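According to full-length UniProt numbering, the sequence shown holds residues 1 to 272 in order.
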Amino acid sequence: MKIKESKWHVLFLLIIGIQIFPLIYMLSISFKSMSQIFADPLSIIPRVITFRNYTYIFENVDILRYIWNTFFISAAITFGKIITSILAGYILTFKNFKGKKILIFLILGTLFVPFTVTMIPNYLMISKIGLLNSSLGVILPQLADGMGIFMIIQNMKGIPKSILEVTKLDKIKETKVLYYIILPMIKNSIISMGILFFINSWNEYFWPLLILSEKKNYTLSLALQMFISSEGGNDWGVTMAIATLTIIFPIIMYAFFQKKIMTSFVKSGVKG
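See below:
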């Protein structure tokens with residue numbers, strides 16, 4: 001039994017190593033000079049650590065603008081998804097109306113619809129209302145999320161209905177019930193859901209590529225691709241430095257809130 005467990009542990013560590021190694025290697029390259037990269041490309045620890053690549057970025061690439069664009073778009077999408085998920089989840093959990101089950105089924109059905117199916121209709125809609133090459137054009141089609149609604153419904157199902165019955169007897173407004181009673185009870189789930197939304201939006205590449213055409217509106221992912229496609233793509237140290245700046249914030253967020261995220265998903269799967 002112990003031998004079998006040891007084998008699984010080795011396999012698990014091997015998988016983790018395969019996942020983490022590219023990130024460590026990328027970080028290592030970002031602190032190397034070009035001469036070090038070509039002289040000893042496989043070394044993980046630089047012989048001489050240099051910040052030249054990061055200095056170059058802040059001096060020659062409008063990186064702060066790209067960081068702000070990415071943060072603004074990600075935060076707006078996250079906020080919009082949380083609001084729509086909470087409102088839809090509340091209605092679908094605590095209200096009874098005709099077609100409720102069908103509506104829930106349709107919302108869950110959107111989880112199985114790939115992005116490529118809705119990409120062209122969304123693009124045409126954004127084009128017709130004149131929002132191409134704008135942050136709002138990236139944000140607008142992503143203000144609702146079927147997974148978010150599902151997670152909220154599953155968490156709200158765990159709230160005792162007796163609490164809501166008492167609030168009805170006391171004639172407390174539903175907005176106050178939602179804000180002061182329900183939301184605090186599912187706060188951790190909302191936080192973890194928001195973090196996942198934010199990370200997903202931060203890393204998004206294809207949809208902003210379709211909508212944004214001017215460099216000043218680019219996100220970090222687009223800026224990285226632009227740099228690679230230009231003459232700067234030959235400078236692997238700078239390229240890896242931009243890539244590091246692109247992913248470091250989502251990694252830190254996920255690592256910090258990992259426990260809440262996993263707990264939220266477990267609860268969502270158990271309830272209801």
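Even for Gly, the Cβ is constructed at its ideal location relative to N, Cα and C.
The structure displayed is predicted, hence computed values, not measured ones.
Continuous alpha helix (DSSP H) stretch holding residue i: start and end
i: GLY158; result: GLY158 -> no alpha helix (DSSP H), and no H or E assigned at all.
i: PRO208; result: 206–211
i: GLU59; result: 52–60
i: GLY130; result: GLY130 -> no alpha helix (DSSP H), and no H or E assigned at all.
i: THR175; result: 174–177
i: LYS100; result: 100–109
i: LEU196; result: 187–202
i: VAL138; result: 135–139
i: THR219; result: Unbroken run through THR219: none, as it is neither H nor E.
i: ALA39; result: 34–39
i: ILE77; result: 63–94
Separation of residue j from residue i, as counted between CA atoms
i: SER221; j: PHE51; result: 22 Å
i: LEU183; j: SER28; result: 43 Å
i: TYR123; j: GLY109; result: 21 Å
i: TYR205; j: GLN36; result: 31 Å
i: MET151; j: GLY130; result: 33 Å
i: MET253; j: THR246; result: 13 Å
i: GLY237; j: PHE94; result: 55 Å
i: PRO160; j: LYS187; result: 16 Å
i: LYS81; j: ALA144; result: 5 Å
i: THR118; j: LEU13; result: 39 Å
i: GLY272; j: ILE153; result: Caution is warranted here: a pLDDT of 46 is assigned to GLY272, below 50, making its placement in the model unreliable, and the coordinate value is therefore given only provisionally. Taking the straight line joining both Cα atoms gives about 9 Å.
i: PHE79; j: TYR179; result: 16 Å
i: GLU165; j: LYS101; result: 23 Å
i: SER162; j: PHE197; result: 32 Å
i: GLU214; j: LEU132; result: 10 Å
i: SER127; j: VAL113; result: 22 Å
i: ILE181; j: LYS260; result: 20 Å
Same chain only: Cβ atoms within 7 Å of residue i, ignoring 5 sequence neighbours per side
i: THR70; result: TRP202, THR219 and LEU220
i: GLY17; result: none
i: ALA241; result: SER30, ASN53, TYR54 and ILE57
i: PHE97; result: none
i: ASP235; result: MET34
i: residue 280; result: For the chain, the structure presents residues 1 to 272; residue 280 sits outside this window and is missing.
i: PHE256; result: none
Status (buried if at least 16 other CB within 10 Å, exposed otherwise) for residue i
i: ASN53; result: buried
i: MET193; result: buried
i: GLY89; result: buried
i: LYS32; result: buried
i: GLN19; result: exposed
i: ALA39; result: exposed
i: PHE21; result: exposed
i: LEU224; result: buried
i: VAL61; result: buried
i: ILE195; result: buried
i: residue 339; result: Outside the displayed span of the chain (1 to 272) sits residue 339, for which this structure offers no information.
i: ILE251; result: exposed
i: ILE15; result: exposed
Residues near residue i in its chain [Cβ-Cβ closer than 6 Å; skip 5 each side]
i: VAL177; result: THR167
i: ILE77; result: ILE139, GLN142 and SER201
i: ILE149; result: SER85, ALA88, GLY89 and ILE107
i: residue 274; result: Outside the modelled stretch of the chain, which goes from 1 to 272, sits residue 274, for which no answer is possible.
Nearest-angstrom Cβ-Cβ length linking residue i and residue j, presumed shorter than 8 Å
i: LEU92; j: ILE83; result: Wrong, their Cβ atoms sit about 15 Å apart, outside the cutoff.
i: ILE211; j: GLY137; result: 5 Å
i: LEU106; j: MET147; result: Not a contact, Cβ separation roughly 14 Å.
i: SER30; j: THR244; result: 5 Å
i: ASN155; j: SER189; result: 5 Å
i: ILE49; j: TYR25; result: Contact flag wrong, Cβ pair sits at about 15 Å.
i: LYS216; j: ARG47; result: Actually they are not in contact, since the Cβ atoms of LYS216 and ARG47 sit about 38 Å apart, beyond 8 Å.
i: PHE249; j: THR239; result: Contact flag wrong, Cβ pair sits at about 18 Å.
Cβ neighbours of residue i in the same chain (closer than 8 Å, five flanking residues each side left out)
i: PRO208; result: ILE73, VAL138, TYR218, THR219, SER221 and LEU222
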